[in-house]
Amino acid sequence: MKLSTLTSTLALLIGSTALADGNHAIHQDGAIISSADASKVADFDILAAHAHRNGNTVTFHMTTNGSAGASVPAATGEVGGSDVWSYVWPTSLDPSAVGFEGGTGILAMAATSHPDFDDTPLFDENGDGDPANDGIEWHSHWVVLTPTEACGPDALAVRDIPEGSTPKLPATWPGFPIFLDSPGFTPLFDGPEISVNAGFASDVELDGVAYDGVTSALRVNANIHAPLLCVTDVFDVASGDLSLPGKIH
């Protein structure tokens, strides 16, 4: 065997072993696989989305075609009209599973970055002693999404809380008048991979929960009133049609 042929064969074997032993979403049985698309921004171009459980902890993860988390929105200097970029895992879980009023929309785990405001008042993501200045750092949220025509035809928004209403909310709700929770689960990055480990109460049934993977942009209403936070651009959907084909096991 020629040296060049041997080298190529070894490289192929090593690559195959790394793929088999990998722990990224794209390596997992049952992952939602999505084709690469050179027209998309690479770090929001989904190659695979996956979620699995270990007891009451679910790992949501996503493999991208670039370096996950590398791009963040440009600061505008104002909260109204500012952008939020996100990696999102919509689920079939009822919002009551994490402390929201039940039956109110699509519960999703999201990792977000937004330099113009901070919505995690209990946490200091950048470790500088000030918990109110680190919105640009990637952080996690539970959100409840609902169809909202005011955001555009067939558009989604984070569900608003009308003035005077008192829906059930999680203990770590950050005070914004929307169905948004800031649970403090730290997004982790490993090259093309982003993952979030989310804990649940012991009485939440997790086996068989459906999920999908989405990368998207949201925007705060310029007037900062309902709808407060609209989905304005969907970069990619792992399933292609938001059918939630994945199952947590």
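Residue numbers (our numbering): 12 to 260.
Note that CB positions come from ideal geometry on N, CA and C, so glycine has one too.
> Near Val245, what residues of its chain come up, given a Cβ to Cβ distance below 6 Å and the 5 sequence neighbours on each side ignored?
Replying inline: Ser227
> Exposed or buried, Leu104, counting other C-beta atoms within 10 Å across all chains shown (16 or more means buried)?
Replying inline: buried
> Under the DSSP definition of a beta bridge, which residues are partnered with Arg230?
Replying inline: Asp94, Cys241
> Which of the three DSSP states, helix, strand or coil, is assigned to Ala119?
Replying inline: Strand, per DSSP.
> Helix, strand or coil: which one does DSSP assign to Val52?
Replying inline: coil
>> Please list the terminal residues of the continuous beta strand (DSSP E) segment that includes Arg64.
In response: 57-65
> How far does the beta strand (DSSP E) with Trp153 in it reach, from first residue to last?
Replying inline: 150-158
>> Using only the alpha-carbon positions, how far apart do Gly113 and Phe190 sit?
In response: 11 Å
> Are there 16 or more other CB atoms within 10 angstroms of the CB of His260, so buried, or fewer, so exposed?
Replying inline: By the 10 Å Cβ count, His260 comes out exposed.
> Where Val90 and Ala49 are concerned, what is the direct C-alpha to C-alpha distance, given to the nearest angstrom?
Replying inline: 32 Å
> Which first and last residues belong to the beta strand (DSSP E) in which Val69 is found?
Replying inline: 68-75
> CB-CB under 8 Å to Pro256, same chain, minus the five flanking residues each way: which ones, in chain order?
Replying inline: Its chain contains Ile43, Ala221, Asp223, Ser250 as the residues whose beta carbon lies nearer than 8 Å to that of Pro256, once the 5 sequence neighbours on both sides are disregarded; these appear in chain order.
>> Which same chain residues end up closer than 8 Å to Asn234 when comparing Cβ atoms and leaving out the 5 residues on each side of it in sequence?
In response: The residues are Gly91.
> Which class does Ala42 belong to by DSSP, given the choice of helix, strand or coil?
Replying inline: coil
>> Counting beta carbon pairs with one atom in the region 57-77 and one in the region 193-205, are three or more of them shorter than 8 Å?
In response: Taking a contact to require three or more Cβ pairs closer than 8 Å, the region 193-205 and the region 57-77 qualify as touching.
> Any idea what DSSP makes of Ile172, helix, strand or coil?
Replying inline: coil
>> Within 10 Å of its beta-carbon, does Gly210 have 16 or more other beta-carbons around it, so buried, or fewer, so exposed?
In response: exposed
>> Please report the distance separating the alpha-carbon of Pro101 from that of Asp165.
In response: Each residue's CA atom was taken as its position, placing Pro101 and Asp165 some 16 Å apart.
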